[in-house]
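Let me begin by presenting the structure, written as structure tokens, before commenting on it.
In the numbering used here, the protein residues as written are 45 to 945.
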């Protein structure tokens, strides 16, 4: 029995006529509806014709970003129809499918939708696709939207598309969908009062996965305050599972109040319990899964920690993980709206109103910050490797796409043009990250168990030893172990190779309305590339490529490195192995650049990143590790190992064969030339031997590196050579060409012109010290034009002064040469001397050789400054002449006594 009373209370019903008109006239629409208005539940039922016999019967697919939301939406719609799930409304998430032959509305995760699009782009039998919660900007959702628009434009113009969200860039989505009409539902949300509750003391900002315990203590206190001040259930938003557990611990015993923990890893029974009214008052501690799509009945109060988790990639360290960030203002509105779905409510925000104005407007799109390896494989299989032809709100960053293509090329998923290989097509259908897919295809028989463990990081209490975590999962009775076993069944080769019931999308599904494990097929139809808008038809059959698995290794210093095993086949599949060996091999196959060797108390990964184990880790002492999960703690330069497996060197060499290089390595290190023959895996040195007869070209390159690092002071600079360089620097600054630039960068650029053949004969630092720079530098003078002969004229080493002395000019400052001369020797001079037209800065010295005055205008000094200098010095040096008119006096180097003689 359809619950028309509940349906009639949903405000979005007023927007249905406009939505129908938009789809009829344009085929696409953007639906903007506030939380709680029924956009997730009423709209799909109406579009499918399940509420009105006069409406055409359509098959509708609703894509949700999370499994919990997909299941909840399907159950809510089935309840509104008065039916069990799996009849008119069903759902499919990874590892679970509940649909029936009469199913007209199927709720799927965006990942499942992508899998279906890759298997059959036309989505036969599907009339409408609703992309829900577009504002969250998950990468799978953005990708699915782009693929669907591609399908509509090239293959199925009758396919209707709806982008739905409570808070989104409506105009941006409208442009993306070809100028789609924007349909807005004016819901009647209940008012939500905002209470600002910032911590009283200082709180350190989040870093990586770390959240200041002081903030969690404050959040727990705010929850207790909310329980005391307001009626109704309390929904508290926290960034992750760990923070939920810690806040739950701080809440302790709340008497007759139940504390529920809701997140993607929570047992299905707990997730379901949250979605039905409780007999007791409840505190629901939740991650962002409760931001949208889910209505938690009874909630009148929201406590918002203000934090969220977003994916981040540290390309410098080769690490990707979730990072804790400040939640956006849009997320804050979504969270606050949870308190006003059923009645007036209140939100306690654990930050200040001033801080709120500094928050970002929307969350960062995943395409801008996440690892794009899986996305790049999706686009390659779609026939658009660079994603240039896809309708995306944000283009993928070029650097991230290049890094992704490098990984895909290394594991044989794409060819040199970026097109998907047959192996890549298989990897795309496995429903795991391509790295894990590579391990699943190339690993031992028990790989599915380890891959399942890596596809969803196990709880921290499982420890950091992957093999031990595997044994814990096998015998565990917790929710994680249950999900792990389901994923293992999905990934096992027997299940993958067998046809999967109900995994296609043609017509209505043929499964019963009971839960079944969804397998993925290994067929290749419909995934090649063609020229029709990037839509793939039937691929060209190719041999499965396994060349060059892993990621590229990079050499260090100046080396002539050849990859001994470049393009080598990956190890053949190995039979069942002990847990330790299987865990190590699978991890090394998935993350070859993270194989790590013990080195001085820490571990050096092949990527060049150093990592440390936690105190007390059972992995300590292992000579080799394959690191599955690592992060970088606040204030530390090294990564921290969160999950790894012990592995032996033979396995490392086999699994990470593409990183193996062998060759001569000649570089400048520790102040001299170091020549070695090195075998390495990426940054890890395996075998090192001294190199006696190094390639002269490599030696020369190392010497040049030394000159760049330590400067040309490594050469022998006599006083005359140093002065010559200063004179040339002055002429280059004053006159320009053809006088050479003699700065370090310029000398490096022209090293062949002035430092040969001396440099080619050098072999070590000591040889550089024997090169006379004074003999080499004149080679840069403009001899060909004849200007070199004017060096002494334009920048003389010495200048004749009125006394007859030839005084050295100091060119240390090329902008203003200096002439330091005794004051009496300049008597009679009418103006300052000049070099190359530039008046020198005259330092007039006392008889003791100390500066008495500095001037660039000698005539002005005689008029205005000399009198004061004369008054100060004549009493101190009475034997020296101090005439009243120095401009007309005779210059001298002598005292009065010598003059009289």
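Ideal Cβ positions, reconstructed from N, Cα and C, are used throughout, including at glycine.
Assign residue i to one of two classes, buried (16 or more other C-beta atoms within 10 Å of its C-beta) or exposed (fewer than that).
i: residue 48; result: exposed
i: residue 658; result: exposed
i: residue 353; result: buried
i: residue 836; result: exposed
i: residue 300; result: exposed
i: residue 404; result: exposed
i: residue 45; result: exposed
i: residue 932; result: exposed
i: residue 732; result: exposed
i: residue 584; result: The predicted model places residue 584 with a pLDDT of 29, which falls under 50 and marks its position as unreliable, so this point remains unresolved.
i: residue 82; result: buried
i: residue 516; result: buried
Apart from the five residues just before and just after residue i, which ones in its own chain have a Cβ nearer than 7 Å to its Cβ?
i: residue 256; result: 247 and 248
i: residue 73; result: 63, 66, 67, 206, 224, 225 and 227
i: residue 222; result: 72
i: residue 661; result: 508
i: residue 420; result: 445, 448, 449 and 452
i: residue 586; result: Residue placement at residue 586 is poorly supported in this model, since its pLDDT is 27, which falls under 50; the coordinates are not used for a value here.
I need the straight-line Cα distance from residue i to residue j, nearest angstrom please.
i: residue 628; j: residue 514; result: 12 Å
i: residue 655; j: residue 464; result: 34 Å
i: residue 882; j: residue 830; result: 22 Å
i: residue 150; j: residue 136; result: 7 Å
i: residue 448; j: residue 412; result: 13 Å
i: residue 895; j: residue 858; result: 21 Å
i: residue 117; j: residue 95; result: 17 Å
i: residue 743; j: residue 804; result: 9 Å
i: residue 60; j: residue 90; result: 8 Å
i: residue 773; j: residue 862; result: 14 Å
i: residue 110; j: residue 129; result: 18 Å
i: residue 379; j: residue 668; result: 45 Å
i: residue 390; j: residue 238; result: 6 Å
i: residue 366; j: residue 169; result: 38 Å
i: residue 259; j: residue 286; result: 13 Å
i: residue 618; j: residue 626; result: Caution is warranted here: a pLDDT of 40 is assigned to residue 618, below 50, making its placement in the model unreliable, and the coordinate value is therefore given only provisionally. Cα-Cα distance, rounded: 9 Å.
i: residue 190; j: residue 512; result: 42 Å
i: residue 394; j: residue 385; result: 21 Å
i: residue 355; j: residue 252; result: 10 Å
Once you ignore the five residues that flank residue i on each side, which residues in its own chain have a CB closer than 8 Å to its CB?
i: residue 200; result: 166 and 167
i: residue 186; result: 409, 410, 411, 436, 437 and 438
i: residue 823; result: 797 and 798
i: residue 52; result: none
i: residue 264; result: 291, 294 and 295
i: residue 98; result: none
Taking Cβ positions, are residue i and residue j nearer each other than 9 Å?
i: residue 434; j: residue 496; result: no
i: residue 154; j: residue 107; result: yes
i: residue 340; j: residue 277; result: yes
i: residue 488; j: residue 528; result: no
i: residue 383; j: residue 328; result: no
i: residue 923; j: residue 890; result: no
i: residue 76; j: residue 214; result: yes
i: residue 174; j: residue 210; result: no
i: residue 282; j: residue 218; result: no
i: residue 939; j: residue 925; result: yes
Which same chain residues end up closer than 6 Å to residue i when comparing Cβ atoms and leaving out the 5 residues on each side of it in sequence?
i: residue 935; result: 846, 847, 869, 871 and 872
i: residue 610; result: Low per-residue confidence applies at residue 610: pLDDT is 35, beneath 50, and the placement is therefore not dependable enough to give any value.
i: residue 652; result: 727
i: residue 92; result: 102, 104, 148 and 149
i: residue 631; result: 670, 672 and 689
i: residue 133; result: 118, 121, 122 and 149
i: residue 58; result: none
i: residue 914; result: 926
Closer than 9 Å, CB to CB, is residue i near chain D or not?
i: residue 516; result: Absent from the structure: chain D. Only one protein chain is present.
* Contact the stretch 696–710 vs the stretch 719–738: 3+ CB pairs below 8 Å -> With the rule of 3 Cβ pairs closer than 8 Å, the stretch 696–710 counts as touching the stretch 719–738.
* Would you say the stretch 441–459 touches the stretch 410–424, given that touching needs at least three Cβ pairs under 8 Å? -> yes
* Asked: Counting Cβ pairs closer than 8 Å, one from the stretch 286–306 and one from the stretch 405–420, do we hit at least three?
  -> no
* Count the C-beta pairs between the stretch 791–802 and the stretch 742–760 that are closer than 8 Å, then say yes if the count reaches three, no if not. => yes
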